[in-house]
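Q:
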Amino acid sequence: MEYKYKKIAENIKSKIKNGQYKAGDILPDQSQIAKDFNTTRSTVHKALNLLVIEGMIYSKRGAGTFVRKDFNLDTKYKSVSALEKPLGATYTHQANKVTSKILSYSARLPTEEEMEKLLIESDAPVYDIQRIRYMDGKIFAYEHTIMPTTIAPINEDVLEHSIYDHLKNLGLNIEGSHRIVKADRADKTDLETGIAKDKVDPVLVIIQLSYLDDGQPFELSESRFPFENSELIADITL
Numbered sequence: 001m002e003y004k005y006k007k008i009a010e011n012i013k014s015k016i017k018n019g020q021y022k023a024g025d026i027l028p029d030q031s032q033i034a035k036d037f038n039t040t041r042s043t044v045h046k047a048l049n050l051l052v053i054e055g056m057i058y059s060k061r062g063a064g065t066f067v068r069k070d071f072n073l074d075t076k077y078k079s080v081s082a083l084e085k086p087l088g089a090t091y092t093h094q095a096n097k098v099t100s101k102i103l104s105y106s107a108r109l110p111t112e113e114e115m116e117k118l119l120i121e122s123d124a125p126v127y128d129i130q131r132i133r134y135m136d137g138k139i140f141a142y143e144h145t146i147m148p149t150t151i152a153p154i155n156e157d158v159l160e161h162s163i164y165d166h167l168k169n170l171g172l173n174i175e176g177s178h179r180i181v182k183a184d185r186a187d188k189t190d191l192e193t194g195i196a197k198d199k200v201d202p203v204l205v206i207i208q209l210s211y212l213d214d215g216q217p218f219e220l221s222e223s224r225f226p227f228e229n230s231e232l233i234a235d236i237t238l
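Residues in the sequence shown are numbered from 1 upward in steps of one, following the UniProt record's numbering.
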């Protein structure tokens, strides 16, 4: 099934790529796009959010939605890099035994940043989850995950195993993610969790916003990895 929001996103993307919308241009407002495609503003909002996640456009409150000036049309490998696939330890390491230790698990109201990125209102609670993931008994990563409670019921049994498997079992399809990969110095949490042994140790950090196939963002997370077992592999097609 191809959702209408994807068709709208592809249409706008095509106009950006062919130069109809140039870097820095403002896009038509959501009401106009909805009228052009005979759909609702919520569908348009999902389409635009998909392009935000892909790094093509950005929204400025009170001003509109613009084509990013730093979007590089020559980045042909953007959609085929393995780094863009949703990161889930159990999903991506199926040959290994992945276990979890729950550090904290609660529900609370979202911050302003979480509201904006997860497309939720101020009164929509989110799960705030902190875990250590182990690979074959060794520390693999520290994960801090924020997820709207409306996505799926989560309990400790789910957290001790795989959230992604849980979502899949509920019939939810994960479409993709926007990911930032960077290096960082070890912080207090890294030392306390065993991700780093010394404050001078480097740590690999992956920040990602993941979304379902209906365009709804379902996860905002930060994962921190020990440098000893930090390796990212991407197959690039030129």
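Beta carbons are placed, not taken as given, at the ideal position from N, Cα and C, and that holds for glycine.
Tell me the rounded alpha-carbon separation between M135 and E192.
A: 18 Å
Q: Measuring alpha carbon to alpha carbon, tell me which of I132, R61 and A9 ends up nearest G55.
A: A9
Q: Near D36, what residues of its chain come up, given a Cβ to Cβ distance below 8 Å and the 5 sequence neighbours on each side ignored?
A: P28
Q: Give me the DSSP bridge partner(s) of L209.
A: H178 and L220
Q: With respect to the beta strand (DSSP E) encompassing Y105, which residues constitute its N-terminal and C-terminal limits?
A: V98 to R108
Q: For Q30, list the residues DSSP reports as bridge partners.
A: Answer is none; Q30 lacks a bridge partner.
Q: Would DSSP call F140 helix, strand or coil?
A: DSSP places F140 in strand when its eight states are reduced to three.
Q: To which residues of the same chain is L51 closer than 7 Å at the C-beta, ignoring the five residues directly before and after it?
A: A9, I12, K13 and I57
Q: Using DSSP with H/G/I as helix, E/B as strand and the rest coil, what is T65?
A: Strand at T65.
Q: Could you give the first and the last residue of the continuous alpha helix (DSSP H) run that contains V126?
A: Here V126 belongs to no alpha helix (DSSP H); instead the beta strand (DSSP E) covers V126 to M135.
Q: Do you know how far the Cα of S162 is from the Cα of S100?
A: One C-alpha to the other measures close to 9 Å.
Q: Buried or exposed for R131, going by 16 or more other Cβ atoms inside 10 Å?
A: buried
Q: Pull up the DSSP beta-bridge partners for A47, would you.
A: A47 pairs with nothing; no bridge assigned.
Q: If you draw a straight line from the C-alpha of N155 to the C-alpha of A23, how long is it?
A: C-alpha separation (whole angstroms): 45 Å.
Q: Please identify the residue among M147, R133, T189 and G171 whose C-alpha is closest to the C-alpha of Q208.
A: M147
Q: In the DSSP assignment, find the beta strand (DSSP E) that holds residue 241 and state where it starts and stops.
A: This structure leaves residue 241 out entirely; the chain is present only between 1 and 238.
Q: Taking the continuous alpha helix (DSSP H) assigned at S14, which residues delimit it?
A: K4 to K17
Q: Check this for me: beta carbons of I129 and Y164, under 8 Å apart or not?
A: no
Q: Measuring CA to CA, which of Y142, L119, D187 and D123 is closest to E222?
A: The residue with the shortest Cα to Cα distance from E222 is Y142.
Q: For E228, which residues in the same chain have their Cβ closer than 8 Å to its Cβ, ignoring the five residues on either side in sequence?
A: none
Q: With distances taken from CA atoms, which of I151, I120, G64 and I16 is nearest G171?
A: I151
Q: Could you check the C-alpha separation between K17 and T39 for me, to the nearest Å?
A: Approximately 24 Å, taken between the alpha carbons.
Q: Would you call L109 buried or exposed, if buried means 16 or more other Cβ atoms sit within 10 Å of its Cβ?
A: When all chains shown are included, L109 counts as exposed.
Q: In the DSSP assignment, what residue or residues form a beta bridge with V203?
A: D184 and P226
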